[in-house]
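Following full-length UniProt numbering, the numbering of the sequence shown begins with 1 at its first residue and continues without gaps. One structure is given here, and the rest of the page talks about it.
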Amino acid sequence: MTTHDRVRQQLHALEALLREHQHWRMDEPEAHLFSSTQPFCMDTMAPIEWLQWVLIPRMHALLDSAQPLPEAFAVAPYYEMALTADHPQREILLAALQALDALFAQDES
């Protein structure tokens, strides 16, 4: 299984997790919310929204067009700070994001 395949698999797992815990929204945020210049659109979107509306679709777009994946990739550290300690799914979300990050740290060989 290639890195692209493993990343796609982990993105599907992350989406399933968000859906399972009722974090998946059906109503897309307004267009202007995507024009943030802040990392993770932190000034316009909640952290979970950014996963659904930015990370997952953009990563799928890279995979679908067989583009190279980012070399420096780590989103879990942001979520360790952004998700409050009492967030009900904090640990399971962090585990899924750490698993995604780990795919980018692996040697391609």
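Every residue gets a Cβ at the ideal spot worked out from N, C-alpha and C, and that includes glycine. Computed from a predicted structure; not experimentally measured.
Considering only residues of the same chain and omitting the five flanking positions on each side of residue i, which have a CB-CB separation below 6 Å?
i: L17; result: A96
Quick one: measure Cβ to Cβ for residue i and residue j, integer angstroms, because I've assumed they're closer than 8 Å.
i: L63; j: L14; result: Incorrect: roughly 13 Å between the Cβ atoms, too far for contact.
Could you give the DSSP three-state label for residue i: helix, strand or coil?
i: E80; result: helix
i: P88; result: coil
For the alpha helix (DSSP H) holding residue i, just list the boundary residues, first then last.
i: R6; result: 3-20
Within its chain, find whatever has a CB closer than 7 Å to the CB of residue i; leave out the 5 residues flanking it on each side and keep chain order.
i: S36; result: D43, T44
Given residue i, which residues of its chain have a CB within under 8 Å of its CB, disregarding the five upstream and five downstream residues?
i: I56; result: L11, L14, E15
i: D101; result: F73, A74, V75, A76
i: L94; result: A76, Y79, E80, L83
i: L103; result: T3, R6, V7, Q10
Taking Cβ positions, are residue i and residue j nearer each other than 8 Å?
i: T2; j: L69; result: no
i: F40; j: P29; result: no
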